[in-house]
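**Student:** Quick one: structure below, then a few questions.
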Ligand code: IMP
């Protein structure tokens, strides 16, 4: 079955393919000739994921998969949360977001955090399934590694004992919030 990845983030498309490629033919919006940018106007990960998956399914007539994800830092009352992508303002800028996070945590020793992901698979008949996942870690004082995207170089995974920026794609996919959300979704689909 064809599944359109409702994202313009190539890293996410690669992760979706690596995680769901055996069950679905994961295609991009570009593959099916659709270019839409959905504004994330909701205040929850679920709300935004549903918004994106529904819009792309309706535009393509195909099932669509969207993820909304972010970083929750305990010492910052779960910020940046749903605003992770534009923490340092628009346009989204990973380097500026990381710099702001380090600034906000200056002098803070309690640096526990988690990545959270909610995925929604929306079908053309209006039905949908939801999956949720998270991964625990802590925010370092300086970036480590050049892999991944977003906050990966600052996020030290408790399970991997290295940052997501230092992890290979396979290592990250073995523990990531998105992988767990997709596993949760897959369980509900079977
Ligand atoms: P979204 O595209 O609205 O889900 O934006 C999520 C934002 O959260 C991204 O722009 C990143 O800043 C951050 N984020 C989500 N997942 C990850 C990840 O796996 N690694 C690093 N940062 C992430």
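In the working numbering, the protein residues as written are 6 to 195.
Note that the Cβ used here is the ideal one computed from N, Cα and C, for glycine as well.
(1) Going by CA-CA distance only, name the one from 96, 75 and 103 that's closest to residue 53.
(2) Residue 13: which of 68, 63 and 72 sits nearest, CA to CA?
(3) Could you work out which residue in 145, 89 and 117 is closest to residue 80 when comparing CA atoms only?
(4) Between residue 186 and the ligand IMP, is the CB less than 8 Å from at least one heavy atom?
(5) Using a 10 Å radius around the Cβ and a threshold of 16 neighbouring Cβ atoms, would you call residue 44 buried or exposed?
(6) By the DSSP assignment, the beta strand (DSSP E) with residue 20 in it spans what residues?
(7) Could you check the C-alpha separation between residue 136 and residue 114 for me, to the nearest Å?
(8) Count the other C-beta atoms from every protein chain shown that fall within 10 angstroms of the C-beta of residue 85, then say buried if there are 16 or more, exposed otherwise.
(9) Quick check on DSSP: helix, strand or coil for residue 153?
(10) Is residue 236 helix, strand or coil when you go by DSSP?
(11) In chain order, which alpha helix (DSSP H) runs of at least 4 residues are fully inside the region 39-96?
(12) Any residue with its Cβ nearer than 5 Å to a heavy atom of the ligand IMP should be included. What is that list in chain order?
(13) Have a look at residue 7 and residue 40 and give me their C-alpha separation to the nearest angstrom.
(14) Should residue 162 go down as buried or exposed, given a rule of 16 or more other Cβ atoms within 10 Å for buried?
(15) Would you report the Cα separation of residue 90 and residue 184, rounded to the nearest angstrom?
(16) Say the cut is 8 Å; is the CB of residue 80 nearer than that to a heavy atom of the ligand MG?
(17) Just list the residues that DSSP pairs residue 117 with in beta bridges.
(18) Can you name, in chain order, every residue of its own chain whose Cβ lies under 6 Å from the Cβ of residue 33, other than the five neighbours on each side?
(19) Apart from the five residues just before and just after residue 189, which ones in its own chain have a Cβ nearer than 7 Å to its Cβ?
**Tutor:** Taking the definition as stated:
(1) One-based indexing of the chain shown puts residue 53 at position 48. Taking only the C-alpha atoms, the option nearest residue 53 is 75.
(2) On the chain shown, position 8 is the one that residue 13 refers to. Answer by Cα proximity: 72.
(3) As a first step, residue 80 must be located in the chain shown, where it is residue number 75. Here the closest residue by C-alpha is 117.
(4) Your numbering for residue 186 matches position 181 in the chain shown. No, the beta carbon of residue 186 sits no closer than 8 Å to any heavy atom of the ligand IMP.
(5) As a working note, residue 44 is residue 39 in the chain shown. Exposed: under 16 other Cβ atoms inside 10 Å.
(6) Working through the chain shown from its first residue, we reach residue 20 at position 15. Element bounds for residue 20: not the beta strand (DSSP E) but the alpha helix (DSSP H), 15-25.
(7) Here residue 136 corresponds to residue number 131 of the chain shown, with the count starting at 1. Here residue 114 corresponds to residue number 109 of the chain shown, with the count starting at 1. Here the alpha carbons of residue 114 and residue 136 stand approximately 32 Å from one another.
(8) As a working note, residue 85 is residue 80 in the chain shown. Within 10 angstroms of the beta-carbon of residue 85 lie 16 or more other beta-carbons, which makes it buried.
(9) Here the question's residue 153 lines up with position 148 in the chain shown. DSSP places residue 153 in the coil class of the three-state scheme, outside both helix and strand.
(10) Summary: the structure shown does not reach residue 236, with the chain confined to residues 6 through 195, and so no result is reported for it.
(11) 50-65
(12) Residues close to the ligand IMP by the beta carbon criterion (under 5 Å to any non-hydrogen atom) are, from first to last along the chain, 73, 74, 75, 89, 90, 155, 156 and 157.
(13) As a position in the chain shown, residue 7 is number 2, starting the count at 1. As a position in the chain shown, residue 40 is number 35, starting the count at 1. Their backbone Cα atoms lie some 17 Å apart in a straight line.
(14) Position 157 of the chain shown, counting from 1, holds the residue named residue 162. With 16 or more Cβ atoms within 10 Å of its Cβ, residue 162 is classed as buried.
(15) Working through the chain shown from its first residue, we reach residue 90 at position 85. Working through the chain shown from its first residue, we reach residue 184 at position 179. Going by the C-alpha atoms only, they are around 19 Å apart.
(16) In the structure shown, the ligand MG is absent; the only ligands present are the ligand IMP.
(17) The count along the chain shown starts at 1 and reaches residue 117 at position 112. DSSP lists 143 as partners of residue 117.
(18) Position 28 of the chain shown holds residue 33. Same-chain partners within the cutoff: 10 and 18.
(19) Along the chain shown, read from residue 1 onward, the residue named residue 189 stands at position 184. Contacts found: 136, 137 and 138.
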